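Here the sequence shown is numbered in the numbering used here, starting from 637 and rising by one per residue. Cβ coordinates follow ideal geometry from the N, Cα and C atoms, glycine included. If you're wondering where the values come from, they're calculated on a predicted model, not measured in any experiment. The structure appears below as structure tokens.
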Amino acid sequence: AGLRYVPALVPLLGAAVQTYHMNRALGDNPYMDELFHIRQTKAYCAGRFRTWDPKITTPPGLYLLVAAATRVHNLTLGTTFADGPCSLTEARWINTVLFVFCLPITLWLIKDLRPCENESKKDDDKRQEGNDGPLKTIVHSCCLMVYPPFFLFCSMYYTDVGSVLAVLVSYLLLRRGCSVISALFGILALLFRQTNAVWLCFIAADHILSKYESGLLTQKSNLQPETLRPTEMSNLPKALFHLIAAVFHNLFSLLKYLLPHVLVVAGFILAVCINGSVALGDKENHQLTPHVAQMLYFAGSTVAFQSVWSIRTLKGGTDEFRSRWKHAQVSTVFKWIFIGILCSLAVLFITWRFTVVHPFLLADNRHYTFYIWKRILNGLNGRGRYLLAPGYVLAFYVLQKQMCESRIMQSRLRQLLLFGAVAVVLIPSPLFEFRYFITPFFMFYIHCCPEKNAVSGMLQLLLSTAICGAVFLVFLLKPFQWVDGTLARFMW
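What follows is the structure, encoded as structure tokens:
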């Protein structure tokens, strides 16, 4: 049974090797945003808590955590790293430790959600799966850990790993009935990144929705299953009406349990009002802008990175379409064609009216997004992004089908909740950057497990690991001179 945990060695050993070589290559020299992060951390290590770098846009959670961890390490062991206390090499290793903690938290969350999947399995499906279920869950968790835009930053001093960990822990604790401790980790999540306020709202809404689906919020025992867990879009308005009515009917008891989360989010909103902006610093370059095209980039990149899962989903969708095509009426065929055309026109409109080109995207050729924009999205004299419209529609179809194949996400209410949370997180951001997709990616795939068995999961794990390895090798072995004369490297 212990052999099922062998796949976990892939992300854990990979992260350790990557961090070791990252520190060998860079040493205590910060790369890009590490400069601001480590400078602020060293100020806290020196006790200068009133010092703040105006270029930093996120709260000081990472710096406080690393400063405290460094102090505990030095007092406990009586030693410091070769580069001194609060060194960048030490900070990178602490970030890697946070990455290690992400794996069991992700695994426990998926196991909490997976019983909902198991309940829906037929007996013959369970017999066919055999002992493959636990292994599949472990492999699935590992696949999330080696999501390429996430894995590189486990070896750099960035806020992404700590942000994801705090959100996942908060989610897990609330699902297990620890409301107050969950809210405390919610505060920590907000201290890493402001957009985590949306995920705290999602976590609270998920709790309410779970209560509603189990019938605990309504006294009407004759409600149809489609009212509690609507699987058809036509039943969504009725389900929404009953959900809202149930929430108002049980408002006091819900607020009593979720009061810690309400206070945390309310405090965040108050802080934003006092600050005058979501961003703490560099506000002129981080203005909220309606950038709906971010949803297209997220869907397209997610399907591309998880191509093994995507191909399996597309194959299942193609087989289903063929079987339905044989018995479809002419009116049904025209309905499918009309929906496809309508979706493509919507994507074209979003691309035309809601594509934002941030100055950072055009100026910084150290990021892969610079080349994606220059050679693909803005290629063919600006027509490239329009030619991708059918691909975006297909990507959304894949993600939608993966949600429908996961029992807990078959409810249109849950799909609306998850899609809405991802949209609120991504759309206001004017900058196209893969790091912004990390938490939405995790929240999507802890609910959706598209691999049919452990074999397809292992194939996806190998593909993602290969991409991570290639990206890191390019980072290490292909440096180039930037415009200011410094050594630059390619990264997400």
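Original post:
Taking C-alpha atoms, which residue in VAL898, LEU872 and SER850 lies nearest to ALA840?
Top reply: Taking the first residue of the sequence shown as position 1, residue 840 is located at position 204. It is VAL898 whose Cα lies nearest to the Cα of ALA840.
Practice item. Taking the CB atoms as reference points, tell me whether ILE1082 and LEU724 lie closer together than 8 Å. Key: Working through the sequence shown from its first residue, we reach residue 1082 at position 446. Working through the sequence shown from its first residue, we reach residue 724 at position 88. No, the Cβ-Cβ distance between ILE1082 and LEU724 is not below 8 Å.
Starting from the C-beta of LEU1095, find all residues in its chain whose C-beta is less than 6 Å away, skip the five residues before and the five after it, and write them out in chain order. As a working note, residue 1095 is residue 459 in the sequence shown. Result list for LEU1095: VAL944, in chain order.
Hey, LEU804 and PHE1078: beta-carbon distance below 8 Å or not? Indexing the sequence shown from 1 puts residue 804 at position 168. Indexing the sequence shown from 1 puts residue 1078 at position 442. Result yes, Cβ atoms of LEU804 and PHE1078 sit closer than 8 Å.
Contact between the region 1033–1040 and the region 1067–1075 (3+ Cβ pairs under 8 Å) | no
Open item on the list: Assuming contact is defined by CB atoms lying nearer than 8 Å, are VAL1029 and SER980 in contact in what I supplied?
Closed with: The count along the sequence shown starts at 1 and reaches residue 1029 at position 393. The count along the sequence shown starts at 1 and reaches residue 980 at position 344. Taking 8 Å as the Cβ cut-off, VAL1029 and SER980 qualify as a contacting pair.
Measuring straight from C-alpha to C-alpha, what distance separates GLY683 and ALA703?
Counting from 1 along the sequence shown, the entry for residue 683 is found at position 47. Counting from 1 along the sequence shown, the entry for residue 703 is found at position 67. Approximately 10 Å, taken between the alpha carbons.
* Tell me where the alpha helix (DSSP H) around PRO1076 begins and ends. => Here residue 1076 refers to the residue found at position 440 of the sequence shown. Here the alpha helix (DSSP H) through PRO1076 covers 1074–1081.
_My output table needs one value for PHE1116: the three-state DSSP class, helix, strand or coil._
Translated into positions along the sequence shown, residue 1116 becomes position 480. Strand.
* Asked: Do HIS927 and ILE1063 have their C-beta atoms closer together than 8 Å?
  -> Translated into the one-based positions of the sequence shown, residue 927 becomes position 291. Translated into the one-based positions of the sequence shown, residue 1063 becomes position 427. It is a contact, given that the beta carbons lie within the stated cut-off.
inquiry  = Measuring straight from C-alpha to C-alpha, what distance separates THR954 and GLU1041?
reply    = Position 318 of the sequence shown, counted from the start, is the residue given in the question as residue 954. Position 405 of the sequence shown, counted from the start, is the residue given in the question as residue 1041. Their Cα atoms are separated by approximately 14 Å.
- request: Return the CA-CA distance between VAL1061 and LEU826, expressed in angstroms with no decimal places.
  value: For the purposes of this step, residue 1061 is taken as the residue at position 425 of the sequence shown. For the purposes of this step, residue 826 is taken as the residue at position 190 of the sequence shown. One C-alpha to the other measures close to 13 Å.
Note to self: Using CA atoms only, rank isn't needed, just tell me which of ARG1019, SER1065, LEU801 and GLY1105 is closest to GLY822.
What the structure shows: Taking the first residue of the sequence shown as 1, we reach residue 822 at position 186. Comparing Cα positions, the closest option is LEU801.
Do SER1100 and CYS779 have their beta-carbon atoms positioned less than 8 Å apart in this structure? Counting from 1 along the sequence shown, the entry for residue 779 is found at position 143. Counting from 1 along the sequence shown, the entry for residue 1100 is found at position 464. In this structure, SER1100 lies closer than 8 Å to CYS779 by Cβ.
Buried or exposed: where does ASN665 fall if 16 or more other Cβ atoms within 10 Å of its Cβ makes it buried? Numbered from its first residue, the sequence shown carries residue 665 at position 29. So ASN665 counts as exposed.
How about GLU849 and SER1065: do their beta carbons lie closer than 8 Å? Locating residue 849 in the sequence shown gives position 213, counting from the first residue. Locating residue 1065 in the sequence shown gives position 429, counting from the first residue. Not closer than 8 Å, so no.
Checklist line | Start-to-end residues for the alpha helix (DSSP H) that takes in PRO690 | finding: The sequence position of residue 690 within the sequence shown is 54, counting from 1. Segment: none, PRO690 is in no alpha helix (DSSP H) and carries neither H nor E.
> From PRO784 to VAL1107, what distance separates their C-alpha atoms?
Replying inline: Locating residue 784 in the sequence shown gives position 148, counting from the first residue. Locating residue 1107 in the sequence shown gives position 471, counting from the first residue. Computed Cα separation, rounded: 8 Å.
Original post:
Can you tell me whether TRP688 is buried or exposed, with buried defined as 16 or more other CB within 10 angstroms of its CB?
Top reply: Here residue 688 is taken as the residue at index 52 of the sequence shown, counted from 1. The residue is exposed, with fewer than 16 neighbouring Cβ atoms inside 10 Å.
Would you call the CB atoms of LEU645 and GLY798 closer than 8 Å?
By 1-based counting over the sequence shown, the position of residue 645 is 9. By 1-based counting over the sequence shown, the position of residue 798 is 162. Their beta carbons are not under 8 Å apart, which means LEU645 does not touch GLY798 by this criterion.
**Message:** What does the alpha-carbon distance come out to for the pair ASN659 and SER791?
**Reply:** For this step, residue 659 is matched to residue 23 along the sequence shown. For this step, residue 791 is matched to residue 155 along the sequence shown. So the two alpha carbons sit approximately 8 Å from each other.
**Asked** Which residues bound the alpha helix (DSSP H) around LEU1013?
**Response** Working through the sequence shown from its first residue, we reach residue 1013 at position 377. Taken as a continuous stretch (DSSP letters only), LEU1013 belongs to no alpha helix (DSSP H), as it is neither H nor E.
> When you compare only the Cα positions, how much space is there between PRO695 and PHE1032?
Replying inline: By 1-based counting over the sequence shown, the position of residue 695 is 59. By 1-based counting over the sequence shown, the position of residue 1032 is 396. Taking the straight line joining both Cα atoms gives about 33 Å.
Between TRP1128 and TYR1022, how many whole angstroms is the CB-CB distance? I'm expecting something under 8 Å.
Taking the sequence shown and counting its residues from 1, the one referred to as residue 1128 is at position 492. Taking the sequence shown and counting its residues from 1, the one referred to as residue 1022 is at position 386. Not a contact, Cβ separation roughly 25 Å.
- Query: So what does DSSP say about LEU1123, is it helix, strand or coil?
  - Reply: By one-based count along the sequence shown, residue 1123 stands at place 487. LEU1123 falls in the strand class under three-state DSSP.
- [ ] For the alpha helix (DSSP H) containing VAL908, list its first residue and its last residue.
- [x] Within the sequence shown, the letter at position 272 stands for residue 908. Start and end: 887–911.
Could you name the residues that DSSP lists as bridge partners for HIS1003? For this step, residue 1003 is matched to residue 367 along the sequence shown. The partner list for HIS1003 (beta bridge, DSSP) reads MET1127.
Practice item. Return the CA-CA distance between LEU1098 and GLN830, expressed in angstroms with no decimal places. Key: What you label residue 1098 is simply residue 462 of the sequence shown in a count that begins at 1. What you label residue 830 is simply residue 194 of the sequence shown in a count that begins at 1. Rounded to the nearest angstrom, the two C-alpha atoms are 33 Å apart.
- Query: Relative to the C-alpha of TYR793, which residue among PHE888, GLN930 and GLY663 is closest?
  - Reply: By one-based count along the sequence shown, residue 793 stands at place 157. It is GLY663 whose Cα lies nearest to the Cα of TYR793.
TODO: Answer yes or no: do THR655 and CYS722 have a C-beta to C-beta separation smaller than 8 Å?
DONE: Counted from its first residue, the sequence shown places residue 655 at position 19. Counted from its first residue, the sequence shown places residue 722 at position 86. Contact flag unset, no.
Boundaries (first-last residue) of the alpha helix (DSSP H) holding THR863
Walking along the sequence shown from the start, residue 863 turns up at place 227. Unbroken alpha helix (DSSP H) run through THR863: 861–864.
**Prompt:** Can you tell me whether GLY766 is buried or exposed, with buried defined as 16 or more other CB within 10 angstroms of its CB?
**Reply:** Within the sequence shown, the letter at position 130 stands for residue 766. Summary for GLY766: the model assigns pLDDT 44, below 50, so the residue's position carries little reliability, and this model does not support an answer.
- Beta-carbon separation of GLU732 and SER777 under 8 Å? Numbered from 1 along the sequence shown, position 96 holds the residue referred to as residue 732. Numbered from 1 along the sequence shown, position 141 holds the residue referred to as residue 777. This sequence places Thr at residue 732; Glu is not what is there. No.
Going by beta-carbon coordinates alone, are VAL782 and PRO643 separated by less than 8 Å? Here residue 782 corresponds to residue number 146 of the sequence shown, with the count starting at 1. Here residue 643 corresponds to residue number 7 of the sequence shown, with the count starting at 1. Cβ distance not < 8 Å, so VAL782 and PRO643 don't count as in contact.
- request: Tell me, to the nearest whole angstrom, how far the beta carbon of THR693 is from that of LEU906; I am working on the premise that it is less than 8 Å.
  value: By 1-based counting over the sequence shown, the position of residue 693 is 57. By 1-based counting over the sequence shown, the position of residue 906 is 270. About 19 Å; that fails the 8 Å criterion.
| query | Do you know offhand how far PRO740's Cα is from ALA651's? | reply | Within the sequence shown, residue 740 is the residue found at index 104, counting from 1. Within the sequence shown, residue 651 is the residue found at index 15, counting from 1. Roughly 15 Å between the two C-alpha positions.
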